[in-house]
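Engineer: Pasting a structure below so you can have a look.
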Amino acid sequence: MASAVSSLSRSVSHAARPLATRDAAWVRYTLTAVALGFLALFLLLPLAAVFTEALRKGVAAYFSALSDSDGMHALKLTLLTAAIAVPANLVFGVAAAWCIAKFSFPGKSVLITLIDLPFAVSPVISGLIYVLIFGAQGWYGQYLNADDPWLPAFHAWLVERDIKIVFAVPGIVLATIFVTFPFVARELIPLMQQQGNDEEYAAVTLGASGWKTFWKVTLPNIKWGLFYGVILCNARAMGEFGAVSVVSGHIRGETNTLPLHVEILYNEYQFVGAFAAASLLAFLALVTLVLKSVVEWAHARRIASDVARAG
Amino acid sequence: MSRSHRSVIPGFGLSLGLTITYLSLIVLIPLSSAFIKTAGLGWSEFVDAVTAPRVLASYRISFLASFAAALVNSFFGLIVAWVLVRYPFPGRKVVDALVDLPFALPTAVAGIALTAIYAPNGWIGSLFGDGTFLARLFNDGEAVKIAFSEIGIFIALTFIGLPFVVRTVQPIVEELEPEFEEASASLGANRWQTIRRVIFPQLLPPLLTGFAMAFARALGEYGSVVFIAGNMPMRTEITPLLIITKLEQYDYAGATAIAVVMLVASFVLLLAINLLQKWSRRHHAV
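Protein sequences, first through last, are from chains A and B. Numbering that gives the first Met the number 0 puts the last residue of the first sequence at 310; the count rises by one with no breaks. Numbering that gives the first Met the number 0 puts the last residue of the second sequence at 285; the count rises by one with no breaks.
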């Protein structure tokens with residue numbers, strides 16, 4: 000559903016417009032002012048507020064808030080979560096795009112819709128479903144408490160190590176994987192469909208193996224789309240709040256990611272600390288936007304050079 | 000393209016197998032657990048759980064605030080998309096990139112930032128304090144409460160839905176053929192008639208798609224809303240928050256029943272969006 004998220008395939012053209020299709024100057028200025036005013040109010044102001052509030056008590060207070068040990072732990076957990084969720088969804092995204100773009104099979108459009116499903120689900124529900132499965136009352140909890148469990152050796156191992164899924168790190172990782180599930184796949188599927196199979200046919204016909212074809216032919220063609228999907232996936236993985244909030248259990252210094260740490264500090268009225276941690280995430284968001292623009296630019300240039308070569 | 004089993008490209012079994020296994024483990028089985036859990040509830044219990052007065056009030060506020068936010072985003076999003084494509088101005092690229100900020104900024108950060116701005120002592124909240132000009136204009140001089148009220152929810156949902164309309168309408172504005180506008184002008188239409196009769200009908204399908212996407216996203220939104228909403232039961236408690244409240248009270252069945260209602264609503268919206276996109280594509284191909 001969030002196809003609006005990705006816009007790599009957007010074309011950019013700014014030819015001089017014929018007179019008849021131009022708007023009067025006052026229309027142009029008014030609409031531009033309305034658009035910029037709306038964006039300033041809704042985008043620039045919140046961004047400015049984050050940094051202003053973070054620096055309200057001065058630079059020293061800002062940096063001491065940042066170096067807080069719970070905050071450091073939250074940052075580490077956020078990085079760890081993204082480091083697992085992004086590669087997992089990357090491998091899945093490539094596999095999904097490969098089978099959908101390179102082959103035809105019945106039920107393909109259903110598969111594409113199912114891949115998009117996590118975008119349609121409320122973050123809160125994304126967390127809830129894992130609590131239902133792995134919580135004390137869920138399937139996993141019932142299995143752990145069973146008197147006569149299935150696979151006793153595995154059961155003993157789980158009990159002995161006290162393996163917890165929800166209200167622990169694995170649940171946070173799972174919920175994050177769920178909410179970032181479609182990002183890479185939905186970027187690669189249309190891109191690979193558009194590129195067709197001719198180059199892969201040529202490679203395979205000339206005797207290249209499947210892996211070699213993928214690494215030498217397909218990957219160079221999709222690298223910008225891949226990178227684009229990874230950037231979006233990573234931003235959401237590091238920033239997810241609702242889903243992670245449900246499965247984390249909010250154990251300080253243990254199961255708090257950076258966004259959850261922001262919430263805890265804020266609810267304890269430690270505003271400088273909350274906004275200092277928030278400023279890190281806001282900075283990350285800005286880096287994401289810059290990288291995204293760079294990839295869009297590189298992609299547009301590649302298309303332009305392809306067109307020039309074809310012409 | 001040949002049928003899968005005759006294709007010379009290898010890896011069909013491996014990639015499809017991996018895709019379906021991963022999809023089932025991460026998405027399908029967990030999602031089905033919500034429906035299985037609810038099936039354990041009797042029908043009348045289920046109806047009671049999802050139609051309790053507090054639950055109905057949460058549907059109402061979630062629905063109305065999401066609808067209002069999507070409507071405002073449709074209006075301004077259309078203007079933003081039009082301006083970004085048609086009226087070059089210095090810094091256009093930066094503004095264009097910034098439109099995606101609500102996708103990139105973690106919702107909790109957006110939530111506390113908006114609360115800071117619209118709280119009674121915030122940059123904008125203070126403009127609406129007791130006896131201020133704006134308070135006299137809108138509320139007989141009494142302070143207008145923005146944060147911790149329905150208006151706050153609406154503002155947060157407007158923020159997170161902002162990119163959807165812009166990003167669905169913008170590519171269509173880019174691809175509008177100037178020939179149509181020239182033809183319309185040369186046949187004697189004035190600019191306003193051209194906009195209303197020639198341009199707008201082409202932009203309507205993506206506009207509706209963007210509206211539906213912003214609405215769907217707003218319905219499920221949690222992080223940016225909880226800080227600014229005030230979270231008063233019956234008044235400013237959105238449905239996702241109610242699910243969390245029930246979970247914290249260990250009312251798993253109640254939380255899941257509400258979640259199932261929301262899931263069904265999102266699936267219906269997803270279907271509507273897919274149909275709108277199909278219509279949009281067909282309309283655009285003409």
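Heads up, the beta-carbon is just placed ideally off N, CA and C, and yes, glycines get one too.
Would you say glutamate 236(B) and serine 57(B) are within 8 Å of each other, going by their C-beta atoms?
Structural biologist: Contact: yes.
Engineer: Using the beta-carbon count (16 or more within 10 Å), is glutamate 174(B) buried or exposed?
Structural biologist: It is exposed - the Cβ of glutamate 174(B) has fewer than 16 other Cβ atoms within 10 Å.
Engineer: Could you spell out where the alpha helix (DSSP H) holding arginine 160(A) opens and where it closes?
Structural biologist: Run containing arginine 160(A): 151 to 160, per the alpha helix (DSSP H) assignment.
Engineer: Using a threshold of 8 Å, state whether the C-beta atoms of phenylalanine 163(B) and asparagine 72(B) are closer than that.
Structural biologist: Yes.
Engineer: For a test of the three-state rule: what should DSSP assign to serine 63(A), helix, strand or coil?
Structural biologist: Looking at serine 63(A) - three-state DSSP - the assignment turns out to be helix.
Engineer: Nearest by alpha-carbon distance to glutamine 194(A): which of Ser244(A), Val289(A), Phe282(A) and Asn220(A) is it?
Structural biologist: For glutamine 194(A), the nearest C-alpha among the options comes from Asn220(A).
Engineer: Does the beta carbon of valine 79(B) sit closer than 8 Å to a beta carbon anywhere in chain A?
Structural biologist: True, the Cβ-Cβ gap to chain A drops below 8 Å.
Engineer: Compute the beta-carbon to beta-carbon distance between alanine 33(B) and alanine 258(B), rounded to the nearest angstrom, for a pair I have assumed lies under 8 Å.
Structural biologist: Indeed they touch by this definition, with Cβ atoms about 5 Å apart.
Engineer: Among residues of its own chain, excluding the 5 on either side of arginine 216(B), which ones have a beta-carbon nearer than 8 Å to its beta-carbon?
Structural biologist: For arginine 216(B), where only same-chain residues beyond five positions count, the Cβ hits under 8 Å are Ile159, Gly160 and Phe163.
Engineer: Three-state secondary structure (DSSP) at serine 103(A)?
Structural biologist: Reduced to three states, the DSSP call for serine 103(A) is strand.
Engineer: Anything in chain A within Cβ reach of phenylalanine 158(B), meaning under 9 Å, just list it in chain order.
Structural biologist: What phenylalanine 158(B) touches in chain A: Phe41, Leu42 and Pro45.
Engineer: Got a sec: is the Cβ-Cβ distance from arginine 27(A) to anything in chain B below 8 Å?
Structural biologist: Output row for arginine 27(A): interface = yes.
Engineer: List the whole-angstrom C-beta distance separating valine 289(A) from tryptophan 223(A), where the pair is believed to meet the contact cut-off of C-beta under 8 Å.
Structural biologist: With 8 Å as the limit, valine 289(A) and tryptophan 223(A) do not qualify as a contact, their Cβ atoms being about 15 Å apart.
Engineer: What's the gap between the Cα of histidine 4(B) and the Cα of alanine 264(B)?
Structural biologist: Annotation note: pLDDT 48 at histidine 4(B) (below 50); position unreliable, coordinate value reported separately. Approximately 39 Å between the Cα atoms of the pair.
Engineer: Please report the straight-line C-alpha distance between glutamate 181(B) and leucine 30(A), rounded to a whole angstrom.
Structural biologist: Taking the straight line from one Cα to the other gives about 22 Å.
Engineer: In whole angstroms, what is the alpha-carbon distance linking leucine 240(B) and threonine 179(A)?
Structural biologist: If I take the Cα positions, the gap works out to 21 Å.
Engineer: Among residues of its own chain, excluding the 5 on either side of tryptophan 122(B), which ones have a beta-carbon nearer than 6 Å to its beta-carbon?
Structural biologist: Around tryptophan 122(B): Ile116.
Engineer: So for valine 248(B), helix, strand or coil by DSSP?
Structural biologist: What sits at residue 248(B) in the sequence shown is glutamine, not valine. It is coil, neither helix nor strand.
Engineer: Using a Cβ-Cβ distance cut-off of 8 Å, determine whether alanine 103(B) contacts chain A.
Structural biologist: With 8 Å as the cut-off, alanine 103(B) counts as an interface residue toward chain A.
Engineer: From glycine 222(B) to proline 151(A), what distance separates their C-alpha atoms?
Structural biologist: If you take the alpha carbons of glycine 222(B) and proline 151(A), they lie about 41 Å apart.
Engineer: When burial is assigned at 16 or more other CB atoms within 10 Å of the CB, is glycine 92(A) buried or exposed?
Structural biologist: Classification of glycine 92(A): buried, given that the 10 Å Cβ count is 16 or more.
Engineer: With a 10 Å radius around its C-beta and 16 neighbouring C-beta atoms as the bar for buried, classify lysine 75(A) as buried or exposed.
Structural biologist: Lysine 75(A) should be labelled exposed.
Engineer: Can you find the residues in the same chain that come closer than 6 Å, C-beta to C-beta, to alanine 48(B), ignoring five residues on each side of it along the sequence?
Structural biologist: The residues are Gly253 and Ala256.
Engineer: Step through the CB atoms of chain B and report whether any lies within less than 8 Å of the CB of glutamate 224(A).
Structural biologist: Before going on, a small fix: residue 224(A) reads as glycine here, not glutamate. Chain B, which has no Cβ nearer than 8 Å to the Cβ of glycine 224(A), makes this no.
Engineer: In the region 121 to 144 of chain A, which residues sit with their C-beta less than 8 Å from some C-beta in chain C, listed in chain order?
Structural biologist: Looking at the structure shown, chain C is missing, and the protein chains on hand are A and B.
Engineer: On a Cα-Cα basis, can you pick out the residue from Ser65(B), Ser185(B) and Val93(B) that is closest to leucine 42(A)?
Structural biologist: Selected option, being the one with the closest Cα: Val93(B).
Engineer: Taking Cβ positions, are leucine 22(B) and leucine 113(A) nearer each other than 8 Å?
Structural biologist: Yes, the Cβ-Cβ distance between leucine 22(B) and leucine 113(A) is below 8 Å.
Engineer: When Cβ atoms are compared, which residues of the region 249 to 275 of chain B fall closer than 8 Å to chain A?
Structural biologist: Listed by position along the chain: Tyr251, Ala254, Thr255, Ala258, Met261, Leu262, Ser265, Phe266, Leu268, Leu269, Ile272 and Asn273.
Engineer: Could you list which residues in chain B have their beta carbon closer than 7 Å to that of aspartate 22(A), in chain order?
Structural biologist: Neighbours of aspartate 22(A) on chain B, chain order: Arg190.
Engineer: Return the residue from the list Arg280(B), Ile60(B) and Asn273(B) that minimises the CA-CA distance to methionine 233(B).
Structural biologist: Nearest option by C-alpha distance: Ile60(B).
Engineer: Okay, do the region 132 to 152 of chain B and the region 182 to 202 of chain B touch, 3+ Cβ pairs below 8 Å being the bar?
Structural biologist: Not touching, per the Cβ criterion.
Engineer: Between the C-alpha atoms of valine 58(A) and leucine 65(A), what's the straight-line distance to the nearest angstrom?
Structural biologist: Rounded to the nearest angstrom, the two C-alpha atoms are 11 Å apart.
Engineer: List, in order along the chain, the chain A residues whose C-beta lies closer than 7 Å to that of isoleucine 305(B)?
Structural biologist: Within the shown structure, residues of chain B are numbered from 0 to 285, placing residue 305(B) beyond reach of any answer.
Engineer: Starting from the C-beta of glycine 134(A), find all residues in its chain whose C-beta is less than 7 Å away, skip the five residues before and the five after it, and write them out in chain order.
Structural biologist: Gly140 and Val165.
Engineer: Is there contact between the region 158 to 177 of chain A and the region 203 to 221 of chain A, where contact requires at least three CB pairs shorter than 8 Å?
Structural biologist: No, the region 158 to 177 of chain A is not in contact with the region 203 to 221 of chain A.
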